[in-house]
Amino acid sequence: MHDELRTLESGLDALETKPSKARDPRTALFKAFSPLIAVAFIILIWQIVVTIFDIENYILPTPSEVGSALANQWELGNLQTALTTSTSRGIQGFIVAILLATPIGLLLGLNRTLRTIFGPILLGLQQLPSVAWVPAAIIWFGLSPATIYAVILLGAIPSIANGLIAGIDQINPIYRRVSRVLGASRWQNIRHFILPASWTGYLAGLEQGWAFAWRSLMAAELIAVSPALGLGVGQLLDVGRQLGDMSLVIASILMIMVIGILVEKIFFSPIRNRTLRKRGLMVN
Amino acid sequence: MSSFALETSSLFKSFDSATDYVLEDLNMQVREGEFVSIVGASGCGKSTLLNLISGLDQATSGNISTSSKPTLLFQESALLPWLNALANVELPMKLNGVEKEERRAKSLELLELVNLTSSAKKMPHELSGGMRQRVAIARALAQDSRILLMDEPFAALDAITRDLLHDELSRIWRARGLTILFVTHNVREAIRLGQRVLLMSSRPGRFIEEWKVAIKEPRRMDSPEIAKMASKVTDELRREIKRHAYA
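Listed in order, the protein sequences are those of chains A and B. Using this note's numbering, the first residue of the first sequence is number 45, and each one after it goes up by one. Using this note's numbering, the first residue of the second sequence is number 51, and each one after it goes up by one.
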């Protein structure tokens with residue numbers, strides 16, 4: 045009788061579950077490199093436009109001139125310095141922003157009163173372009189790294205906190221009930237239910253927070269130029285402007301974009317895809 | 051202390067006004083190891099009753115006493131989608147501070163009990179509805195609870211799967227000596243599983259009729275005995291629903 049039941053059950057289980065498909069490595073490879081097609085296309089158009097309209101190189105240099113500007117800065121060692129300085133500032137600032145924004149988001153997400161009081165301010169801060177803080181930060185902290193970090197934090201914290209709050213708002217009420225039925229303590233409820241259940245919203249907030257951190261950093265580096273602040277990509281861009289070196293200006297802009305794309309592709313995108321796949325939220 | 055696994059006395063529950071009772075003077079006694087089914091129309095307060103017993107909600111007045119902490123199973127399996135089947139079963143023990151080795155071993159044993167050992171590493175979305183409910187049963191048993199409250203747990207399943215889960219639940223109930231309070235709006239299901247069937251009225255919710263199920267095991271949903279008894283219970287249920295027609 046029991047064996048009969050088990051066999052029946054196993055048969056039904058086998059019929060009702062789909063065999064998991066192995067992902068095709070070629071698709072992954074195509075996904076990783078296909079954006080290069082767009083890049084090649086843009087470079088081609090760019091080259092054609094410059095040639096046909098005979099544009100002066102102080103207005104728009106050719107792709108190859110921008111390429112040699114990059115190579116030149118590399119030989120001088122400036123490019124390496126600028127990239128390391130900016131990315132390490134960006135990452136450090138972002139990590140501190142996460143550490144500050146997460147408790148803020150949790151408090152406001154879980155406590156209605158705190159949300160009513162502080163929520164609007166947090167939303168307001170998110171609306172404010174963080175570059176607006178640069179003059180104030182320079183007055184407060186002078187031309188020091190503190191200015192740059194302050195602007196990064198003010199740019200990233202509201203996005204991360206608001207993302208976490210949105211994630212908490214979207215938790216299916218059934219998980220709160222499960223948490224209570226399983227007897228979770230307050231801290232266990234946060235650790236094992238609230239945080240994982242709000243993870244997709246939190247992750248969206250982290251991605252946006254990084255984008256805001258990075259653009260705030262660039263704005264700060266662009267405005268706060270001083271030997272004391274070293275050489276970041278933003279400062280490199282400003283050097284280009286001062287020298288009237290359009291190739292360097294465009295090269296710097298490209299660097300800023302490329303780093304943004306790389307962080308998204310190498311860091312955030314795999315985490316997001318893995319989460320969605322694990323939870324069955326992704327088609328394919 | 052009473053000798054009952056579960057006992058409620060003059061239980062009242064209202065949500066908004068103090069007079070509009072969802073549950074009114076509700077009294078019930080469930081013996082240790084008993085399987086009791088509760089049937090009633092939608093909105094009669096069946097789920098409210100389970101919420102009160104499980105401690106998810108507070109009664110307006112009255113007493114509930116249980117011999118051990120009950121656990122509640124929902125209509126949706128409510129597995130956590132970020133944990134695989136095994137981790138879902140392990141979770142209540144993890145929350146209780148059970149050592150890793152021990153909870154791993156016990157979870158595998160429980161998955162074996164519901165015949166899902168081979169799906170231990172699967173994520174909830176990779177499981178069928180019936181498999182998810184079996185994992186949920188294993189998770190409930192992992193709480194070491196002797197009293198299982200089930201809130202229409204099989205309502206969303208197809209007929210074939212539901213039949214199998216009835217057999218499975220009966221078997222686990224017997225093997226583990228559990229006390230089960232099973233809420234459903236499916237009269238045949240109530241009879242198929244229960245030793246006793248209680249009929250609940252709506253607004254206010256209280257028990258208005260009780261049947262002992264004398265049909266011997268193994269029972270089948272489509273057996274003539276169950277059909278015959280079901281028509282009796284259904285008649286009463288309809289009479290109760292009609293009462294609300296012109297009220």
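C-beta atoms are modelled at their ideal positions from N, C-alpha and C, and glycine is treated no differently.
Cut-off 6 Å between Cβ atoms - residues of its own chain near residue i, not counting five sequence neighbours on either side
i                 : result
Leu136 of chain B : Ser157, Ala170
Thr125 of chain A : Leu275
Ala295 of chain A : Val110, Ala113, Leu114
Thr211 of chain B : Gly180
Ile196 of chain A : Gly137, Ala257, Ser260, Leu261
Gly149 of chain A : Ala205, Leu208, Ile209
Met78 of chain B  : Thr58
Gly278 of chain A : Met262, Glu265, Leu266
Interface partners of residue i on chain B, CB under 9 Å
i                 : result
Glu251 of chain A : Residues of chain B passing the Cβ test: none, with the nearest at roughly 19 Å.
Ile218 of chain A : Phe124, Glu126, Ala128
Gln232 of chain A : Lys144, Leu145
Simplified DSSP state of residue i, which is helix, strand or coil
i                 : result
Phe85 of chain B  : strand
Glu126 of chain B : coil
Ile297 of chain A : helix
Val72 of chain B  : strand
Lys171 of chain B : coil
Lys62 of chain A  : coil
Ser104 of chain B : helix
Lys322 of chain A : helix
Asp201 of chain B : strand
Phe97 of chain A  : coil
Ser195 of chain B : coil
Glu149 of chain B : coil
Asn356 of chain A : Residue coverage of chain A in this structure runs from 45 to 328, which leaves residue 356 of chain A outside it and unanswerable.
Gln171 of chain A : helix
Asn317 of chain A : helix
Asn165 of chain B : coil
Ala248 of chain A : helix
Gln183 of chain B : helix
Gly274 of chain A : coil
Ser97 of chain B  : helix
Chain A residues whose Cβ lies nearer than 7 Å to that of residue i
i                 : result
Thr121 of chain B : Val225
Trp261 of chain B : Within chain A, no residue comes near Trp261 of chain B; the closest Cβ sits about 26 Å away, beyond 7 Å.
Interface residues of chain B facing residue i [CB-CB closer than 7 Å]
i                 : result
Ser54 of chain A  : Asn165
Thr131 of chain A : None at all; the shortest Cβ gap to chain B is about 30 Å.
Arg221 of chain A : Leu106
Pro314 of chain A : The contacting residues do not exist; Pro314 of chain A stays about 17 Å from chain B at best.
Interface partners of residue i on chain A, CB under 9 Å
i                 : result
His175 of chain B : Lys322, Arg323, Gly324, Leu325
Leu136 of chain B : Per Cβ cutoff of 9 Å: no residues; Leu136 of chain B is ~14 Å from chain A at best.
Ser178 of chain B : Leu56, Asp57, Leu59, Glu60, Thr61
Pro274 of chain B : Per Cβ cutoff of 9 Å: no residues; Pro274 of chain B is ~21 Å from chain A at best.
Per-residue burial, residue i [other beta carbons within 10 Å of its own, 16 or more giving buried]
i                 : result
Arg238 of chain B : buried
Thr121 of chain B : buried
Val139 of chain B : buried
Asp285 of chain B : exposed
Asp213 of chain A : exposed
Trp184 of chain A : exposed
Leu120 of chain A : exposed
Ile165 of chain A : exposed
Leu100 of chain B : buried
Leu240 of chain A : The sequence shown places Pro at residue 240 of chain A, not Leu. Counting Cβ neighbours within 10 Å, Pro240 of chain A comes out buried, since at least 16 surround it.
Ala155 of chain B : exposed
Cβ neighbours of residue i in the same chain (closer than 8 Å, five flanking residues each side left out)
i                 : result
His236 of chain A : Ser223, Ala228
Ala295 of chain B : none
Ala240 of chain B : Ser87, Ile88, Val89, Phe232, Thr234, Val247, Val283
Ile276 of chain B : Arg238, Ile241, Arg242, Ile265, Arg269, Arg270
Trp118 of chain A : Gln124
Per-residue contacts from residue i into chain A (C-beta, under 8 Å)
i                 : result
Glu159 of chain B : The premise fails here: Glu159 of chain B is roughly 15 Å from chain A at the closest Cβ pair, so nothing lies under 8 Å.
Gln193 of chain B : Leu226, Gly227
Glu22 of chain B  : For residue 22 of chain B there is no data in the structure shown, the boundaries of chain B being 51 and 297.
Ile210 of chain B : Leu56
Met181 of chain B : Asp57, Glu60, Thr61
Leu102 of chain B : None at all; the shortest Cβ gap to chain A is about 13 Å.
Leu99 of chain B  : Near Leu99 of chain B there are no residues of chain A at all, since even the closest Cβ is about 15 Å away, more than 8 Å.
Leu214 of chain B : Leu49, Leu52, Glu53, Leu56
Leu141 of chain B : Leu226, His236
Other residues of its chain near residue i: CB distance less than 7 Å, five sequence neighbours each side excluded
i                 : result
Pro105 of chain A : Met290, Ser291, Ile294
Ala186 of chain B : Leu123, Ser127, Ala128, Leu129
Ala190 of chain B : Thr121, Leu123, Leu198
Leu243 of chain B : Phe85, Ser87, His216, Leu219, Ser220, Phe232
Leu187 of chain A : Ala268, Ser270, Ala272, Leu273
Ser203 of chain A : Gln170, Gly249, Gln252, Gly253, Phe256
- 3 or more residues per run - each beta strand (DSSP E) lying fully within the segment 231-282 of chain B: As far as the segment 231-282 of chain B is concerned, its whole beta strand (DSSP E) runs of at least 3 residues are 246-250, 257-262.
- Message: Just to confirm the assignment: which complete alpha helix (DSSP H) runs, minimum length 4, are found wholly within the segment 78-142 of chain A?
- Response: Listed in chain order, the complete alpha helix (DSSP H) runs (minimum 4 residues) inside the segment 78-142 of chain A are 79-96, 107-120.
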